[in-house]
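So the sequence shown is numbered by numbering that gives the first Met the number 0: it starts at 0 and just counts up by one. Have a look at the structure below, then the notes.
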Amino acid sequence: METKMSFRSIVVLASVLAGWSAAVAAETIKIGVTPGPHAQILEAVKPIAAKNGLDIQLVEFSDYVVPNAALDAGDIQANSFQNQPYLDNQKADRGYKIEPIALTVNFPIGVYSKKHKSWADIPEGGKISIPNDPTNGGRALLLLRDKGAIKLKDGVGFKPTTLDIAENPRKLKFVEVDAAQAPRALDDVDAAVINTNYATQAGLDPVKDPILREDPKGPYVNLIAVRAADKDKPWVKVLVDSYHTPEVKAFVLTKFKGAVLPSW
């Protein structure tokens, strides 16, 4: 009996030590996100990552500028909110040493209106708000070009500006606003180009409500980014593997019903 008890004690002690070692080995990282789908998706990733020894803490940012500054400064270890053209622009402008590590989801951008039921109803000289950052502003103009509303100069790439408009048959007037403020502009313009995350925050349905909607293709797939110095660290693989799971894909498809599309 005494021998059996001693053996049982050893087993219990070994289990305690194993649990303690696992707790010590668990790593905590902070990931910057914008409110809405990015934050919601990573909430679904958190328990999967936790099972693999990675504790994720989310830090929400209300705009598109601060998350890369915070990442470059080391205040967070990763962020999930942007696409490749936007990251390239930020790196070129600010010298950030930030690299993508995985694709996440795509948010087809849309044109919304409180005043008109269809794009055909937009009057000549109508006011259209577009995001004021180069990437999303360019994306808005490319959407309008693809739908035949305007023509752009040849060779404008992914970041055209209003100066690149070659033909504007309806004499549309473009108003540049901060992307996060675009839903608020709806009362003051005929239509607004709004990113999906900000549309959902404002109670808009990104599938049913747009009068024009971007085709879900091209370079605008979102990504997870980390500092270049961290990209080969073990936690990076755990993060990517935890995100790229059938469970997270099912969550995205069920939760957002086509407004957000998995890209892995």
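A virtual CB, placed ideally from N, CA and C, is assigned to each residue, including glycine. Only a predicted model underlies this, so the values are computations on that prediction, with no experimental measurement involved.
- If you ignore the 5 residues before and after LEU143, its C-beta comes within less than 7 Å of the C-beta of ILE149, all in its own chain and listed in chain order.
- The continuous stretches of alpha helix (DSSP H) do not include PHE80, which lies in the beta strand (DSSP E) extending over residues 77-82.
- With a cutoff of 9 Å on beta-carbon distance, SER61 and ALA179 are scored as near each other.
- In this structure the region 29-37 lies against the region 190-208, because at least three pairs of beta carbons, one per stretch, are closer than 8 Å.
- When ASN88, PRO107, VAL174, VAL58 are compared, the shortest CA-CA separation from PRO215 is found for PRO107.
- Note on the region 150-234: whole beta strand (DSSP E) runs with a minimum of 3 residues are 164-166, 172-176, 190-193, 220-226, in chain order.
- Taken atom to atom, the span from the alpha-carbon of ASP145 to that of GLU26 is near 45 Å.
- Shown here, ASN105 sits in a strand according to DSSP, grouped into three states.
- The residue among GLY202, ASN88, LEU222 with its C-alpha nearest the C-alpha of GLY137 is ASN88.
- Between the alpha carbons of ALA101 and GLU123 lies a gap of roughly 43 Å.
- For the pair SER262 and ARG93, the Cα-to-Cα distance works out to about 28 Å.
- Within the region 89-147, the alpha helix (DSSP H) runs of at least 4 residues that lie entirely inside it are, in chain order, 133-145.
- According to DSSP, residue pairing for ILE30 in a beta bridge involves LEU57, ALA77.
- Less than 9 Å separates the beta-carbon of VAL225 from that of GLU98.
- Rounded to the nearest angstrom, the Cβ distance from LEU238 to ALA48 is 6 Å, consistent with a contact under 8 Å.
- Counting other Cβ atoms within 10 Å of its Cβ, ALA184 reaches 16 or more and is therefore classed as buried.
- Between PHE157 and PRO218, the beta carbon gap of about 6 Å places them in contact (Cβ cut-off 8 Å).
- Taking each of ILE127, PRO46, LEU260 in turn and checking the Cα distance to VAL206, the smallest one comes out for LEU260.
- Cβ contact annotation for GLU213 (same chain, cutoff 6 Å, sequence separation greater than five): PRO107, ILE108, LEU142, in chain order.
- Residue GLN76 holds the alpha-carbon nearest to the alpha-carbon of ASP231 among GLU42, ALA43, GLN76.
- With respect to LYS29, ASP71 sits apart: the two C-beta atoms are not nearer than 9 Å.
- Taking all protein chains in view, the Cβ of SER128 is crowded by 16 or more other Cβ atoms within 10 Å, so the residue is classified as buried.
- Closest option to LYS90, judged by alpha-carbon separation, among LYS152, THR134, TYR242: THR134.
- DSSP places HIS37 in the uninterrupted alpha helix (DSSP H) bounded by 36-50.
- Between ILE121 and the set ASP177, LYS248, PHE173, LYS96, the nearest pair of CA atoms involves PHE173.
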